[in-house]
Structures are given as structure tokens and as C-alpha cells.
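In my numbering, the protein residues as written are 330 to 665.
Cβ coordinates follow ideal geometry from the N, Cα and C atoms, glycine included.
One structure is given here, and the rest of the page talks about it.
Encoded structure:
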């Protein structure tokens, strides 16, 4: 039997155990610090950077230019100078897409300004004007996309809360899972805010997907918690907190393995999409999935289960159970 298999067996039987529940104040502190840093640094940077799909604007795509080989810095410098010659004070966002094209995004321009920018971009990048395409997204459409994303998040959280409460027959498990869920969302979105990464519809899809993964991971842990705690009676030598902690240890290896299996392909997509292909959509969704998977694994182990114990530890029934167990252990010791 390999050492890893033996390690997993020891965790499942309780021969070896990590005190996740007993050290919950440490995990709470780490979670709070991470959330505060995510929100704080995002605020210091002036908030999130939303893609053109959310804020509206004009977009130009330059095909077949050799400037691509010089990198994003050179492409940005050329675009800044070219666009500013038509629209003074403009601050275009430039990126290389597909490995052979340059995308330039600006605030929404008038039809006349759009044609002038197409012409100067073609000249600046050394291509024909026909190789520079233009499009625009209205602010109304962007606002509608934002509203729909918020509605989708609210509906997801509401339905998840109801389903969890009905499935586990207690609102406290539902509340603990939703708190862990919100924690995952803030940290994952915070990575975008802290590093000034653009939030696009693909990134939002990644956020919503991560909420589903986080919920799944937490439900697996809570299902084992329910199984362990339902077996505890007056004669049980385990307290409620110990039963919950055993459940977390029993599902620890599964949670880590699932996380690794999920992160490896998303990390591969992130590498291929952002470095080899220059595909922004793949990069956006893969980054959200990779970061969110790691954060969700952390929250299901270190946050959700300890929170559930915290919410229930002062219940009269559990206090009476603990008192009876202490009396039973005392009497058992006296008989010996």
C-alpha cells in the first residue's frame, strides 16, 4: 500500500486528523484578510476594468501587421499616437489577438471619427485601410449585459440557498455554504481588480461556473457531515464539532484530487489561450476557472464546515448532548 493511500485511509478512519474546526478562528482571519485585500486593492486601482461589452465603445481590428512581432508595448505606443491624433486625450486599450492581429478599443466614436481612426491606424501599422475593421457597442447594450449578469448572480444565489436548505433540512448549512460561495466570488473577482485585468462576458461565465464548482465541493463535505452527525447518539464519544471535523478529514483527499484534476486542464487552456494563440476569450474564462477552483477548494475545507459548527454550537440540544457525553465519559472512567 502506497504512502498516499495509507494517508487517505488514516484520515478516513480518524487515525490521523487535522484540526480544521478547532482552529477555525485562524481560517476566519485568513478569509477576512483575503477579502479585505481583494476589495481594498481593487478600490485603490479605481475599481474593476470592464470590457467593451459592458461599458460600450468602438473597436478596431488590424490584420496582417508586422508590429505584432514586436509585442504589445510597441503596438500600444503606435495606437496611442495614432488615435490621439484624431481624438485628443483618448486612452485606447490595445491587445494582440489570435497571434496575428491587433485589437484597439476606445470610447464610442462618431462615424466621422471612426473612419479617420481607421485611416490613421492603417497608416501607422503599415497595412491597407481595408485590413482595419471597425465595430461599436452602444452603452445601452453594455448596461443591459451588466444588468443581466447581476440578475443571473442573484437568481443563482437565491435558488442555491433554497435547494441547500431543503436538501439538508437546515438553513444553517445553506447559510454556511452561501457565505463560502460569496467568499470565493470576491476573491476570484478580486484577482481581476488587483491586477487590472479586464472583466469580459467570458470572465463572468467563468465566475458563474466557479460558483457551481464551489457549491458542489461544499455539498460533498456537508453530505459527509450529515452522515457522521446523524450517527452520533448519547453513547457517542465524539462531540458535534469532532464529527464535523472527521467529515472534513474524510473528504480532504477527494477535495484535493478533484481540485488538481480541475486546475490542470484550465491551466493548460490558460497557457495555450493567452500565450500560444493569443485568444482573449480562452484566457478570460480559464483564468477565472483556475483561480476560482483553488479558492473554492480552500473555502469548502477551511471555511464552510467550521462556519456550520459555529452556527450550531450554541443550540440547546447540542449543549445537552455534550453534557451527557462528558458525564458518560466520567462514569466510564470511574468504573475502570
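Classification of residue i by the beta-carbon crowding that lies within 10 angstroms, buried from 16 upward
i           : result
residue 421 : buried
residue 382 : buried
residue 361 : exposed
residue 660 : Confidence is the limiting factor: at residue 660 the pLDDT is only 46, short of 50, which leaves the residue's position unreliable, though a coordinate-based value still follows. Answer is exposed; the Cβ neighbour count stays below 16.
residue 645 : exposed
residue 338 : exposed
residue 614 : buried
residue 599 : buried
residue 662 : Legend: pLDDT at residue 662 = 48, less than 50; position of this residue unreliable, value from coordinates given subsequently. Residue 662 should be labelled exposed.
residue 365 : exposed
residue 349 : buried
residue 334 : exposed
residue 553 : buried
residue 524 : exposed
residue 354 : exposed
residue 487 : exposed
residue 581 : buried
residue 407 : buried
residue 432 : buried
residue 577 : buried
residue 656 : For residue 656, the predicted model reports a pLDDT of 47, less than 50, meaning its position is unreliable and no value from the coordinates is stated.
residue 597 : exposed
residue 444 : exposed
residue 489 : buried
residue 412 : buried
residue 472 : exposed
residue 410 : exposed
residue 399 : exposed
residue 369 : exposed
residue 491 : exposed
residue 584 : buried
residue 358 : exposed
residue 528 : buried
Chain B within 8 Å of residue i, Cβ atoms only
i           : result
residue 421 : The question asks about chain B, but that chain is absent: this structure has only one protein chain.
Contact belief for residue i with residue j at Cβ below 8 Å, rounded distance in angstroms
i           : j           : result
residue 416 : residue 452 : Going by Cβ atoms, the distance from residue 416 to residue 452 rounds to 16 Å, so no, they are not a contact pair.
residue 484 : residue 430 : Not confirmed; about 37 Å, so no contact.
residue 617 : residue 522 : 13 Å between Cβ atoms; not a contact.
residue 367 : residue 519 : 2 Å
residue 569 : residue 356 : No, residue 569 and residue 356 are not in contact; Cβ-Cβ is about 18 Å, not under 8 Å.
residue 517 : residue 621 : 4 Å
Of the listed residues the options, nearest to residue i (C-alpha basis)
i           : options            : result
residue 642 : 571, 611, 366, 579 : 571
residue 477 : 575, 537, 526, 445 : 537
residue 502 : 388, 635, 522      : 635
residue 555 : 590, 493, 595      : 493
residue 504 : 345, 349, 637, 348 : 637
residue 601 : 426, 379, 391      : 426
residue 559 : 573, 530, 483, 460 : 573
residue 439 : 431, 463, 432      : 463
residue 612 : 530, 407, 568, 550 : 530
residue 533 : 405, 346, 404, 474 : 474
residue 395 : 436, 566, 346, 456 : 456
residue 380 : 424, 405, 368, 352 : 424
residue 509 : 546, 461, 367      : 546
residue 507 : 551, 418, 519      : 551
residue 496 : 535, 481, 345, 549 : 549
residue 418 : 435, 402, 404      : 435
residue 592 : 557, 623, 575      : 623
residue 346 : 526, 575, 568, 639 : 575
residue 286 : 631, 371, 404      : Within the shown structure, residues of the chain are numbered from 330 to 665, placing residue 286 beyond reach of any answer.
residue 403 : 454, 363, 393      : 454
residue 461 : 393, 482, 500      : 393
residue 579 : 567, 480, 557      : 557
residue 459 : 479, 363, 389      : 389
Contiguous beta strand (DSSP E) assignments of at least 3 residues, all confined to the region 415-445: 422-426, 430-435
Completely contained alpha helix (DSSP H) runs for the region 348-384, where each covers 4 or more residues: 353-373, 381-384
Any 3 or more C-beta pairs closer than 8 Å across the region 501-514 and the region 533-551: yes
Meets three-Cβ-pair contact criterion under 8 Å: the region 457-477 and the region 371-385: yes
Whole runs of the beta strand (DSSP E) within the region 461-526, excluding any shorter than 3 residues: 461-466
Touch test, the region 577-592 against the region 623-637, Cβ-Cβ under 8 Å, three pairs minimum: yes
Cβ pair count under 8 Å reaching 3, the region 445-461 against the region 370-382: no
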